[in-house]
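A.B. asks:
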Amino acid sequence: DAGITQSPRHKVTETGTPVTLRCHQTENHRYMYWYRQDPGHGLRLIHYSYGVKDTDKGEVSDGYSVSRSKTEDFLLTLESATSSQTSVYFCAIKARGNAEAFFGQGTRLTVV
Amino acid sequence: EDQVTQSPEALRLQEGESSSLNCSYTVSGLRGLFWYRQDPGKGPEFLFTLYSAGEEKEKERLKATLTKKESFLHITAPKPEDSATYLCAVQARGGSQGNLIFGKGTKLSVKP
């Protein structure tokens, strides 16, 4: 395994509530990413980080925010969860200069 | 617009029956093409990176090749344990920091 831990692994929440997903790495990699995976779609980038406090938006960032206060942690927050955010969320990490990214085991989020 | 298309969506093989999976891409300058394997309920597992047309990479029963428009993942004499969804992704030059654009995947089933 690539030293990535996502928590929680499963979560059910109600519409309108805030939710925070955590990605923790032990590899000291510079780059961290949040993707979502939905049936009929490939993995789509939500937000990414290229260093502590350096973040940027991806393809499907609306309704999500992120924070990275430490190299090892990248948090994804759904400010007010909606049913369209029901998905499986994957965190990925990549070392500077390396091409390949390594993925965590995912968090299955259900918004009811 | 950068795009990745994988075919077929699903492939059923008998054990030992060799075949190929296709990944066609449109990208404004290819930095790298990636193959991942994903088992149900798990995160994508990195397999290969290809950088330029003509390049080939091998790992056990898998061989990945790259042309200027597509990549193939050849599976020789597959075994049931090769059953998984195979994902193709590209990274474009000048794109977001390491951002990957994924296809929707090919679900491979190998029957004994």
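These protein sequence lines are chains A and B, in that order.
Position 34, counted from 1, in the first sequence is what the numbering used here calls 34; the numbers after and before it change by one each time, with no gaps.
Position 6, counted from 1, in the second sequence is what the numbering used here calls 1006; the numbers after and before it change by one each time, with no gaps.
Beta carbons are placed, not taken as given, at the ideal position from N, Cα and C, and that holds for glycine.
Indicate whether at least one CB of chain B lies closer than 8 Å to the CB of H24 of chain A.
C.D. replies: no
A.B. asks: Would you grab the beta carbon distance between G42 of chain A and V1004 of chain B for me? Rounded to a whole angstrom, and I think it's under 8 Å.
C.D. replies: 7 Å
A.B. asks: If you follow the beta strand (DSSP E) that H29 of chain A is part of, which residue opens it and which one closes it?
C.D. replies: Premise fails: H29 of chain A is in no beta strand (DSSP E) and is neither H nor E.
A.B. asks: Enumerated in chain order, which unbroken segments of the beta strand (DSSP E) with a length of 3 residues or greater are wholly contained in the region 1013–1070 of chain B?
C.D. replies: 1019–1026, 1030–1038, 1045–1050, 1056–1059, 1062–1066
A.B. asks: On the DSSP bridge assignment, give the partners of T20 of chain A in chain order.
C.D. replies: A:T77
A.B. asks: Within the 8 Å Cβ cut-off, does L78 of chain A reach chain B?
C.D. replies: no
A.B. asks: Given that K94 of chain A touches chain B, what residues does it touch there, using C-beta distances under 8 Å?
C.D. replies: G1098
A.B. asks: Let me see if you follow: with CB-CB separation under 8 Å, is A101 of chain A close to chain B or not?
C.D. replies: A101 of chain A counts as touching chain B.
A.B. asks: Between the beta-carbon of H47 of chain A and the beta-carbon of V19 of chain A, is there less than 8 Å?
C.D. replies: no
A.B. asks: For L109 of chain A, would you say it is in contact with chain B, using Cβ-to-Cβ distances shorter than 8 Å as the test?
C.D. replies: L109 of chain A has a beta carbon lying at 8 Å or more from every beta carbon in chain B.
A.B. asks: Run through chain C and tell me which residues come within less than 8 Å of G106 of chain A, C-beta to C-beta.
C.D. replies: The question asks about chain C, but that chain is absent: this structure's protein chains are A and B.
A.B. asks: If you draw a straight line from the C-alpha of G1103 of chain B to the C-alpha of T1085 of chain B, how long is it?
C.D. replies: In a straight line, the C-alpha of G1103 of chain B is about 11 Å away from that of T1085 of chain B.
A.B. asks: Quick one: grab the DSSP three-state call for D62 of chain A.
C.D. replies: coil
A.B. asks: Count the other CB atoms within 10 Å of the CB of V30 of chain A; is the residue buried (16 or more) or exposed (fewer)?
C.D. replies: Just to set this straight, residue 30 of chain A is Arg in the shown sequence, not Val. With 16 or more other Cβ atoms within 10 Å, it is buried.
A.B. asks: In chain B, what lies closer than 7 Å to L75 of chain A by C-beta?
C.D. replies: Within chain B, no residue comes near L75 of chain A; the closest Cβ sits about 18 Å away, beyond 7 Å.
A.B. asks: Figure out for me which residue from B:G1029, B:H1074, B:P1080 has the closest Cα to the Cα of G1094 of chain B.
C.D. replies: B:G1029
A.B. asks: Taking 8 Å as the threshold (beta carbon to beta carbon), is Y64 of chain A in contact with chain B?
C.D. replies: no
A.B. asks: Where L78 of chain A and N28 of chain A are concerned, what is the direct C-alpha to C-alpha distance, given to the nearest angstrom?
C.D. replies: 25 Å
A.B. asks: Out of curiosity, what's the CA-to-CA distance linking P1040 of chain B and S1019 of chain B?
C.D. replies: 22 Å
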